[in-house]
Amino acid sequence: MCQANVLFEAFEETRQRAPHMECRTLAALLDCSEGEIQASRLGRGVHSLALTPCDLVMMLPQLGQVQMVTRTSHAALSSRLEGCRIDADQHHASIRDQKSLAMQLLLPSWYWVCLSQERPTPAAQKVPCLQVFDRFGHVLHQLYGLTPEAPGWKLLEHFAALKSPRFTHRIDIANVCTRGHRPALLKAWEEMRGGEDFSRLLSRHHLRRVEANRAVAGHFSTSMAPERFIMTLAGTCRSTQPSQVSLVHGGGAHHHHACFRHFHQGRRGVLILESDQLTISFDSSALHEVWQVTRPGVEGPGTSLEAFDTRGEMMLALDLAETG
């Protein structure tokens with residue numbers, strides 16, 4: 001029996017015996033990626049889409065009200081979206097609503113997109129769902145149709161295909177800014193004026209975000225205890241001013257301003273922060289490293305708290321400028 005059939009059988013058995021188990025939990029148990037599980041379902045409830053990422057993004061306004069979820073290994077940022085402004089080309093896309101959502105998407109990272117029927121939460125009914133994966137089979141974004149009758153969902157079915165993805169495995173390589181390179185990094189940091197400058201800085205110095213934060217410690221960053229980060233998140237519920245939270249990964253950035261109402265602990269150490277249009281969930285047991293970081297910008301310096309897991313993957317960022 002081939003690997004795809006083995007994964008499909010495991011998926012089907014899990015759906016029968018533990019219907020509320022999330023796909024990412026099953027993937028962890030099977031030591032595979034979520035993308036590999038979804039690919040094993042091709043033609044059996046899941047279809048590839050014969051659309052370029054740019055064309056797909058431009059179709060979003062036809063999908064009605066949606067729940068846009070950006071995911072990393074240990075965190076998820078979920079925004080409700082109804083009506084948006086989209087600017088896109090073959091490499092980048094920007095999505096904004098009239099309120100407080102802003103997303104920047106790096107479309108070359110979209111390796112495979114599939115269409116299926118999924119539950120936004122374990123207890124919810126199944127709705128149309130788009131899932132975007134990188135070439136390692138990691139979920140970048142999930143988009144759930146809250147108005148399944150919207151015409152765009154029927155249109156997407158015309159682009160359904162059975163093309164199978166060929167995922168690969170990622171090897172994480174840690175880098176350290178040497179003492180000799182640190183002065184150049186500090187100078188470039190001081191000269192930054194926005195997010196694009198920061199992306200170029202990371203690329204030029206071959207650093208990940210967490211490694212850059214470590215390298216500028218004592219100048220533009222300060223280490224913080226994870227417990228203080230959690231306390232600060234909880235404190236946003238007492239603020240009358242909106243807070244900006246961000247989730248950033250290799251596929252882009254998801255930012256949302258909101259006044260938070262609820263902060264509580266879910267199952268297995270998952271912390272949940274909620275507003276009317278936004279839900280953040282992250283695994284507090286995976287929280288390993290937190291930095292308070294200041295970066296220059298066009299409108300002056302901005303300060304945020306950035307949380308990372310043990311692999312150095314960013315879990316969540318909280319903008320301190322908005323938390324008055």
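Take the sequence shown: its position 302, counted from the start at 1, is 302 in full-length UniProt numbering, and no numbers get skipped.
C-beta: ideal position from N, C-alpha, C; glycine also.
Check: In chain order, which alpha helix (DSSP H) runs of at least 4 residues are fully inside the stretch 31-66?
Finding: 34-40, 53-58
Notebook entry, point to check: Looking only at DSSP bridge pairs, what is His92 linked to?
Noted result: Looking up residue 92 in the sequence shown gives position 92. Note: His92 sits in a beta bridge opposite Leu106.
Margin query: Bridge partners for Trp153 per DSSP, in chain order?
Written below: Taking the sequence shown and counting its residues from 1, the one referred to as residue 153 is at position 153. Answer is none; Trp153 lacks a bridge partner.
Note to self: Only counting the same chain, and skipping five residues up and downstream in sequence, which positions put a Cβ closer than 7 Å to that of His169?
What the structure shows: Residue mapping note: residue 169 aligns to position 169 of the sequence shown, counting from 1. Closer than 7 Å at the Cβ level, and outside the excluded window around His169, lie Phe136.
Next item on the list: Pull up the distance between the alpha-carbon of Ala50 and that of Gln62, whole angstroms please.
Entry: Within the sequence shown, numbered from 1, the residue matching residue 50 stands at position 50. Within the sequence shown, numbered from 1, the residue matching residue 62 stands at position 62. Taking the straight line joining both Cα atoms gives about 17 Å.
Notebook entry, point to check: What residues in its chain sit with their C-beta under 6 Å from that of Leu53, if we drop five residues either side in the sequence?
Noted result: For this step, residue 53 is matched to residue 53 along the sequence shown. The identity of residue 53 in the sequence shown is Pro, whereas the question assumes Leu. So the list reads Leu107, Trp110, once near-sequence residues are dropped.
Next item on the list: Name the residue from Ala184, Asp97, Glu13 whose alpha carbon lies nearest to the alpha carbon of Gln65.
Entry: One-based indexing of the sequence shown puts residue 65 at position 65. Minimum Cα distance to Gln65 is reached at Asp97.
Note to self: Short of 8 Å in beta carbon distance, which residues of its chain neighbour Glu12, apart from the five on each side in sequence? Order them along the chain.
What the structure shows: Taking the first residue of the sequence shown as 1, we reach residue 12 at position 12. Answer for Glu12: no residue qualifies.
Next item on the list: May I ask which residues mark the beginning and end of the alpha helix (DSSP H) holding Arg80?
Entry: On the sequence shown, residue 80 is found 80 positions in, with the first residue counted as 1. Looking at the DSSP string, Arg80 is not in any alpha helix (DSSP H); the run it does join, the beta strand (DSSP E), is 75-81.
Next item on the list: If I'm right that Val293 touches Pro226 with Cβ under 8 Å, what's the distance once you round it to whole angstroms?
Entry: As a first step, residue 293 is located in the sequence shown; it is residue number 293 there, counting from the start. As a first step, residue 226 is located in the sequence shown; it is residue number 226 there, counting from the start. Contact doesn't hold; Cβ gap of about 15 Å is too wide.
Next item on the list: Please name the residue, chosen from His262, Phe263, Val245, Gly266, that lies closest to His256 on a Cα-to-Cα basis.
Entry: Here residue 256 refers to the residue found at position 256 of the sequence shown. Among His262, Phe263, Val245, Gly266, the Cα nearest to that of His256 is on Val245.
Item checked: Cutoff 6 Å; reference Ala188; Cβ partners in own chain excluding five residues on either side -> The count along the sequence shown starts at 1 and reaches residue 188 at position 188. Counting only Cβ-Cβ distances below 6 Å, and skipping sequence neighbours, we find Leu201.
Item checked: Contact under 8 Å by Cβ, Ala307 with Leu320 -> Counted from its first residue, the sequence shown places residue 307 at position 307. Counted from its first residue, the sequence shown places residue 320 at position 320. No, the Cβ-Cβ distance between Ala307 and Leu320 is not below 8 Å.
Checklist line | Rounded separation between Phe167 and His92 - CA only | finding: Residue mapping note: residue 167 aligns to position 167 of the sequence shown, counting from 1. Residue mapping note: residue 92 aligns to position 92 of the sequence shown, counting from 1. Taking the straight line from one Cα to the other gives about 22 Å.
Margin query: Just to confirm before moving on: does the CB-CB distance between Gln277 and Ser79 stay below 8 Å?
Written below: Within the sequence shown, residue 277 is the residue found at index 277, counting from 1. Within the sequence shown, residue 79 is the residue found at index 79, counting from 1. Closer than 8 Å, so yes.
Margin query: Taking a contact to mean a Cβ-Cβ separation below 8 Å, would you say Phe282 touches Ala28 in this structure?
Written below: Sequence index remark: in the sequence shown, residue 282 carries index 282 (1-based). Sequence index remark: in the sequence shown, residue 28 carries index 28 (1-based). No.
Notebook entry, point to check: What are the boundary residues of the alpha helix (DSSP H) that Ser223 is part of?
Noted result: Locating residue 223 in the sequence shown gives position 223, where the first residue counts as 1. Premise fails: Ser223 lies in the beta strand (DSSP E), 221-224, not in any alpha helix (DSSP H).
Notebook entry, point to check: Quick one: Cα of Ala212 to Cα of Gly35, how far?
Noted result: Residue mapping note: residue 212 aligns to position 212 of the sequence shown, counting from 1. Residue mapping note: residue 35 aligns to position 35 of the sequence shown, counting from 1. Computed Cα separation, rounded: 30 Å.
Check: alpha helix (DSSP H) containing Val210: first to last residue?
Finding: Walking along the sequence shown from the start, residue 210 turns up at place 210. From DSSP, the alpha helix (DSSP H) with Val210 extends over 209-215.
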